[in-house]
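Just so you know, the sequence shown maps onto residues 2 to 562 in this note's numbering.
Even glycine gets a Cβ: it sits at the ideal position worked out from N, Cα and C.
All figures in this text were calculated on a predicted structure; none of them were measured in a lab.
Scroll down for the structure; my scribbles are underneath it.
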Amino acid sequence: MLGLAGAASARPQGGNCRGSGTTPGGGFDGNGASLPSSPFTYVPFTREMPKPPVKAPCAIIDPTNPTQSNNLPWQPGNCHHGVAPEYFNQPSDWQAGPLKLYEMDQKDGVHEIIPGVQTPIRGYDGIYPGPTFRSRMCEPMVLRVKNSLNTQTSVHLHGAHNPAHCDGYPNFYVSPGQQRDYYYPNICPRKPDGSGQWDTTESPSTMWYHDHGMDLTAENVVMGMAGFHIFTDALEEQLVADNVLPGGDQDLPIVLQDRRLRSDGTIFFDALDHNGYLGDIMVVNGAAQPFLRVQRRKYRFRFLDGANARFFLLRLTWGNFTQIGNDSWLLPQAIETNELLLSPAKRTDVIVDFTNAPNEVYLVNILKQDSGRGPGGTTANPQRLNPGVPMMKFIVEGPVVGNDATVVPGTPLRPHHSIAPSEITTTREFLFHRSNGAWMINGKFFDEFRADATPTVGSAERWILKNGGGGWWHPVHIHLESHQIVKLNGQTPAPSLRYKSDVAILGPNDTAEVHMRFRTFTGPFVFHCHNLEHEDMRMMFVFDPRTNPTQAPQPIQSYYP
Ligand SMILES: [Cu+2]
2 MLGLAGAASA RPQGGNCRGS GTTPGGGFDG NGASLPSSPF TYVPFTREMP KPPVKAPCAI
62 IDPTNPTQSN NLPWQPGNCH HGVAPEYFNQ PSDWQAGPLK LYEMDQKDGV HEIIPGVQTP
122 IRGYDGIYPG PTFRSRMCEP MVLRVKNSLN TQTSVHLHGA HNPAHCDGYP NFYVSPGQQR
182 DYYYPNICPR KPDGSGQWDT TESPSTMWYH DHGMDLTAEN VVMGMAGFHI FTDALEEQLV
242 ADNVLPGGDQ DLPIVLQDRR LRSDGTIFFD ALDHNGYLGD IMVVNGAAQP FLRVQRRKYR
302 FRFLDGANAR FFLLRLTWGN FTQIGNDSWL LPQAIETNEL LLSPAKRTDV IVDFTNAPNE
362 VYLVNILKQD SGRGPGGTTA NPQRLNPGVP MMKFIVEGPV VGNDATVVPG TPLRPHHSIA
422 PSEITTTREF LFHRSNGAWM INGKFFDEFR ADATPTVGSA ERWILKNGGG GWWHPVHIHL
482 ESHQIVKLNG QTPAPSLRYK SDVAILGPND TAEVHMRFRT FTGPFVFHCH NLEHEDMRMM
542 FVFDPRTNPT QAPQPIQSYY P
């Protein structure tokens, strides 16, 4: 039922896999009409999984050296959209290492999702997926983003604790032909005890960046504008150095997406379908159903659901996952699980141990979904006789590798501290619902000039996130801060969701109670449904943390650079 990939579902060993037109139910649009199937044929698992290049800085600058600092990118006239004001007021401990400068051009490119089919894309540096950034705690960076496209863009670093200026606020644009300097201090929040120390329980691991331009996010992302940003700190580096976690070539970010092509190879996108984009080609790191060669040892896979609206429930055809992270953060201890639920924007950081694996293992999606409404049941039975839609194939090779990483279920990773109920000063409720053919929160459409919540910096709040029903799924992403899901429909959530998240999945009629602190930065920031069509059709709110609770809201226009 899931189109092209579904053709191979009963027997994931491969063979000819016809285009999606051969299988019914390639998806439906907002009017219930069948979506056009991708008219291409290819043989799955014949192409190696691409690994996006790691982005290198173009310069490393010591800001205390006048000769070097004269070359900083935001000298007058150099950059239309300026740089975050926090750069000029930063505390002395924000910068433990040099300032790294990066340049990235948003431009058109051509990419083969299916071998031999030239597909025009919009890409960071013209590639899809975008290059992978790797950054370290307290080693700041300035990312100069050019826009060579003919559409507005805004770059959001998903999971980061960053100033409002560079968080990708939907209309803090990079205009066509212009550029914007994104200053990432690469810090985490400080401890709530007033000691001034970094709260390293909040240091992220697996972030991703993607377009967030107002009304344009869904199309820009489906055209290719997404990539990984991997963050590390002393604690995580020690876990790798101590051979607890795999590193190097055994640590791979993997983005799962779906795409639909027209007969001319272009990406099908219907800007009038507000339910949620669904593709019929399963795409992994930009390639349709690739393979990956692995040794008989442990691997760390950082899976990202980079789709606009598709959910995945992932299983392996052999063995289980050892989950070590949820969204941007490592868990307090590793957890064994046989399946992983991913909504758009969610990440799950897992270990797969191929030591005793057969020669072929498949990553499969067992979730049925034929509209943007959300998933509708599973395709698999518990015996794995019908394992679902294969996303990719692992080819397991060679002898058992000795001295392998030691992580197992229960291994301690990053400590976690719960927000105490006594810290909570404010409770807010947000209802995510459909209205007037579009998407609302609390009866309002997104308004970039309206602050919908004004928390006080230094406080903690309880947010009740409620799904307004109708069978729709809404994965809710809150920028700037991690949130702790305390209750899901009145119950303690699944073990992997009890700690830090940046996306709370609201299934039909679900209610999530989340606790969060507001730290370091004043607004404006957004929170929204991460079904990108719902987000573009205004299921998005503004929160605007401020230092003084009695202060009148600052007009959001005043933040414009
Ligand atoms: Cu939604």
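- Of the heavy atoms belonging to ligand 1, at least one sits nearer than 7 Å to the Cβ of M540.
- When distances are taken from the beta-carbon of N309 to the heavy atoms of ligand 1, even the shortest one reaches 7 Å or more.
- The segment 355 to 370 makes contact with the segment 305 to 319, as at least three CB pairs between them are under 8 Å.
- Shown here, N221 sits in a helix according to DSSP, grouped into three states.
- With respect to K467, L432 sits close: the two C-beta atoms are nearer than 8 Å.
- The residue among G438, H230, I282 with its C-alpha nearest the C-alpha of P40 is I282.
- Here L273 is exposed: its Cβ has fewer than 16 other Cβ atoms, across all protein chains shown, within 10 Å.
- Taken through DSSP and simplified to helix, strand or coil, N366 comes out as strand.
- Distance check between P413 and each of A335, D243, D259, L293 places A335 closest, using alpha-carbon atoms only.
- In the same chain as V295, and ignoring 5 residues on each side of it, the C-beta atoms closer than 6 Å to its own belong to F355, F395, V397, in chain order.
- Those residues having their beta-carbon less than 5 Å away from any non-hydrogen atom of ligand 1 are, in chain order, H475, C530, N532, H535.
- Ranked by how close their Cα comes to the Cα of F89, the residues S149, V353, Y184 have Y184 in first place.
- Burial is judged here by how many other beta carbons sit within 10 angstroms of a residue's own beta carbon; I62 has at least 16 and is buried.
- As computed with DSSP, G228 is found in a beta bridge with Y210.
- Nearest in C-alpha terms to H211, of all of L236, E337, D168, is D168.
- Distance from the Cα of G378 is smallest, within the candidate group V408, L342, G411, for L342.
- Relative to the Cα of P205, the nearest Cα in the group T154, P416, A97 belongs to P416.
- For the options R303, P345, N360, the alpha carbon positioned closest to that of G320 is the one of N360.
- A straight-line Cα-Cα distance of about 44 Å links M540 and Q69.
- With respect to the C-alpha of F302, the residue from N163, S264, V353, P291 having the closest C-alpha is V353.
- Collapsing the DSSP output to three states places E49 in a strand.
- In this structure, the straight-line span from the alpha carbon of D265 to that of I115 is close to 12 Å.
- Under the three-state reduction of DSSP output, N510 falls in the coil class, being neither helix nor strand.
- Note on F46: 16 or more other CB atoms within 10 angstroms of its CB, so buried under the neighbour-count rule.
- Under the three-state reduction of DSSP output, W330 falls in the strand class.
- Taken in chain order, the complete beta strand (DSSP E) segments of 3 residues or longer contained in the segment 118 to 181 are 120 to 125, 134 to 137, 142 to 148, 156 to 159.
- Excluding the 5 residues flanking it on each side, N404 has same chain C-beta neighbours closer than 8 Å at N244, in chain order.
- Around the beta carbon of N221, 16 or more other beta carbons lie within 10 angstroms, which makes this residue buried.
- For E398, the enclosing beta strand (DSSP E) starts and ends at 390 to 401.
- For L481, same chain residues with a beta-carbon under 6 Å away, outside a window of 5 residues either side, are F526 in chain order.
- Annotated three-state conformation of P413 is strand, per DSSP.
- In this structure, DSSP gives D537 a helical state, which the three-state scheme calls helix.
- Following the DSSP letters along the chain, one finds A235 inside the alpha helix (DSSP H) bounded by residues 235 to 242.
- Within its own chain, the residues whose Cβ lies closer than 7 Å to the Cβ of A346, once the five positions on either side in sequence are excluded, are H159, D306, P476, H478, V504, H531, listed in chain order.
- F450 sits in coil when the DSSP states are folded into three classes, being neither helix nor strand.
- With 16 or more other Cβ atoms from the protein chains shown falling within 10 Å of its own Cβ, S344 counts as buried.
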